[in-house]
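The opening position of the sequence shown corresponds to residue 7 in the numbering used here, with each subsequent residue numbered one higher.
By construction, the Cβ of each residue, glycine as well, lies at the ideal position given by its N, Cα and C atoms.
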Amino acid sequence: MFNIAVHGHFYQPPREDPWSNAVLKDPTASPAHDWNQRIASECYRPNCAAKVLGPDGRIASVVNNYSHLSFNFGPTLHRWIEKEDPVLDLALRESGRKAIAQCYSHMIMPLASAEDKKTQTIWGIKDFEYRFKRRPKGMWLPETAVNTAALEILSENGMSFTILAPSQCEAVIIDGVRKETPYGKGLDVTLPYLCRLPSGRTITIVFYHGGLAHDIAFGKLLENGDRFRDALVGAIKIRSEERLLVVATDGETYGHHHKFGEMALARLFERLETDPEVRLPDIGTFLEDHPAKFECVIRENTSWSCVHGIERWR
Numbered sequence: 007m008f009n010i011a012v013h014g015h016f017y018q019p020p021r022e023d024p025w026s027n028a029v030l031k032d033p034t035a036s037p038a039h040d041w042n043q044r045i046a047s048e049c050y051r052p053n054c055a056a057k058v059l060g061p062d063g064r065i066a067s068v069v070n071n072y073s074h075l076s077f078n079f080g081p082t083l084h085r086w087i088e089k090e091d092p093v094l095d096l097a098l099r100e101s102g103r104k105a106i107a108q109c110y111s112h113m114i115m116p117l118a119s120a121e122d123k124k125t126q127t128i129w130g131i132k133d134f135e136y137r138f139k140r141r142p143k144g145m146w147l148p149e150t151a152v153n154t155a156a157l158e159i160l161s162e163n164g165m166s167f168t169i170l171a172p173s174q175c176e177a178v179i180i181d182g183v184r185k186e187t188p189y190g191k192g193l194d195v196t197l198p199y200l201c202r203l204p205s206g207r208t209i210t211i212v213f214y215h216g217g218l219a220h221d222i223a224f225g226k227l228l229e230n231g232d233r234f235r236d237a238l239v240g241a242i243k244i245r246s247e248e249r250l251l252v253v254a255t256d257g258e259t260y261g262h263h264h265k266f267g268e269m270a271l272a273r274l275f276e277r278l279e280t281d282p283e284v285r286l287p288d289i290g291t292f293l294e295d296h297p298a299k300f301e302c303v304i305r306e307n308t309s310w311s312c313v314h315g316i317e318r319w320r
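Here it is, written out as structure tokens:
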């Protein structure tokens, strides 16, 4: 028995005109009215009812990918969806069993003041509670940009975990012995790690599989759902119910960045759901059942998308 979680980070920047509070027509998004509408038609809506084709090329089944995904929707994007597409909004709310929160406005947390860090976290939690009618267990840091101060704020406000890239792990501590993991080298990403904070608080860090995430986002894994499944299952070297393989990418990967990517994702979930050896838990519940036994030390002021840490946003 082993566990797999596929996480999608869905976000668009606020595009509303400040005078009219409407998203204006954008010719670069043609044939759609604007980029929000275009990405919604290519990704957000198709993932509610993604098609799986049979051997004859006909539709064999339809899968709601959100019911299987671990995901977060940026609050400003979800606000637009609530206004412009109530049907999609309802589908997301009803499918959000595995959803986690996100800092409210995609602020790079290590560069924010202490007060702004607190505001971003609390507003993100409150927005999540409004939409999903429950308190989130975890929170997505924008661009996975992290430092100890950001983790302190998350932990202080009751967030039990966050997801980071393997390159953001400086070292792990196993049975009291520190082992360096430069840029994720030698890091076992199928184990959760406890991060001890200066305040005495803790937060669990879940590191996603960097190689698989890269192949999903920039490679050809989404050309075939069966190959997608084989790649994930094949990456699990130790099969144990105490281990969790996580892959995390932009949610827009599935349909917008990769046309028909939502279909490969649907096929993946269909295959995994029928495999008696695989579970697709929500990350928060998995961590409650299998709390971290080892510790980690994060690389300060790093992110998943900047080789210079967080310098691109200074």
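Is the distance from the Cβ of residue i to the Cβ of residue j below 8 Å?
| i | j | result |
| --- | --- | --- |
| LEU251 | HIS215 | yes |
| SER101 | SER73 | yes |
| SER5 | ILE106 | This structure does not reach residue 5, given that the chain is present from 7 up to 320, and the question cannot be answered. |
| PHE224 | ALA270 | no |
| GLN108 | ARG305 | no |
| MET115 | ALA171 | no |
| PHE300 | ILE180 | yes |
| ILE10 | LEU228 | no |
| PRO81 | GLY130 | yes |
| THR168 | GLU176 | no |
| ARG207 | GLU247 | no |
| LEU83 | TYR189 | no |
Where residue i and residue j are concerned, what is the direct C-alpha to C-alpha distance, given to the nearest angstrom?
| i | j | result |
| --- | --- | --- |
| GLU127 | GLY63 | Contrary to the premise, residue 127 reads as Thr rather than Glu in this sequence. C-alpha separation (whole angstroms): 46 Å. |
| GLU88 | LYS124 | 25 Å |
| SER309 | VAL195 | 17 Å |
| PRO204 | MET113 | 23 Å |
| LYS132 | SER311 | 27 Å |
| GLU294 | THR280 | 25 Å |
| PHE8 | ARG245 | 5 Å |
| THR34 | THR259 | 19 Å |
| VAL212 | GLU276 | 25 Å |
| ASP232 | GLU162 | 42 Å |
| GLY182 | TYR199 | 13 Å |
| ALA241 | LEU218 | 8 Å |
| GLU121 | PHE79 | 23 Å |
| SER111 | ALA118 | 12 Å |
| LEU98 | LYS226 | 27 Å |
| ALA28 | ALA38 | 15 Å |
| ALA272 | GLY60 | 13 Å |
| TRP407 | VAL58 | With the chain covering only 7 through 320, there is no way to say anything about residue 407. |
| VAL69 | PRO148 | 28 Å |
| PRO52 | ASN230 | 17 Å |
| THR154 | GLU268 | 35 Å |
| ASN42 | LEU30 | 10 Å |
| LYS265 | TYR136 | 32 Å |
| ARG85 | ASN307 | 29 Å |
| GLU317 | ASN71 | 35 Å |
In terms of residue numbering, what span does the beta strand (DSSP E) encompassing residue i cover?
| i | result |
| --- | --- |
| ALA11 | 8-16 |
| TYR199 | 199-202 |
| ARG64 | That residue, ARG64, is in no beta strand (DSSP E); it is neither H nor E in DSSP. |
| ARG184 | 183-186 |
| THR280 | Careful: THR280 lies outside any beta strand (DSSP E) and carries neither H nor E. |
Kindly say whether residue i, judged by its beta-carbon, lies nearer than 8 Å to any beta-carbon of chain D.
| i | result |
| --- | --- |
| VAL93 | Of the protein chains in the structure, only one exists, and it is not chain D. |
What residues are listed by DSSP as bridge partners for residue i?
| i | result |
| --- | --- |
| LEU250 | ASN9 |
| HIS264 | TYR260 |
| ILE209 | CYS201 |
| ALA177 | GLU186 and VAL303 |
| LEU170 | PHE213 |
| THR29 | Correcting the residue identity first, residue 29 is Val in this sequence and not Thr. In the DSSP output, where bridge partners are listed per residue, VAL29 has GLU22. |
| ALA107 | MET145 |
| THR308 | VAL152 |
| ALA56 | VAL69 |
Identify the continuous alpha helix (DSSP H) that holds residue i and give its terminal residues.
| i | result |
| --- | --- |
| THR291 | 289-295 |
| SER76 | It is not in any alpha helix (DSSP H) - SER76 instead sits in the beta strand (DSSP E) that spans 76-79. |
| VAL239 | 231-240 |
| VAL93 | 92-100 |
| ILE244 | Where ILE244 is concerned, there is no enclosing alpha helix (DSSP H), given that its DSSP letter is neither H nor E. |
| LYS123 | 120-138 |
| SER161 | 154-162 |
| ILE45 | 41-45 |
Under the assumption that residue i contacts residue j (Cβ atoms under 8 Å), give the Cβ distance between them as a whole number of angstroms.
| i | j | result |
| --- | --- | --- |
| CYS54 | HIS262 | Not a contact, Cβ separation roughly 14 Å. |
| ASP288 | LYS104 | 4 Å |
| ASP32 | ASP40 | 5 Å |
| CYS302 | VAL178 | 5 Å |
| ARG141 | LEU197 | Not confirmed; about 26 Å, so no contact. |
| ALA46 | ASP91 | 6 Å |
| ASP221 | ALA237 | 7 Å |
| GLY144 | GLY290 | 6 Å |
| VAL12 | VAL253 | 6 Å |
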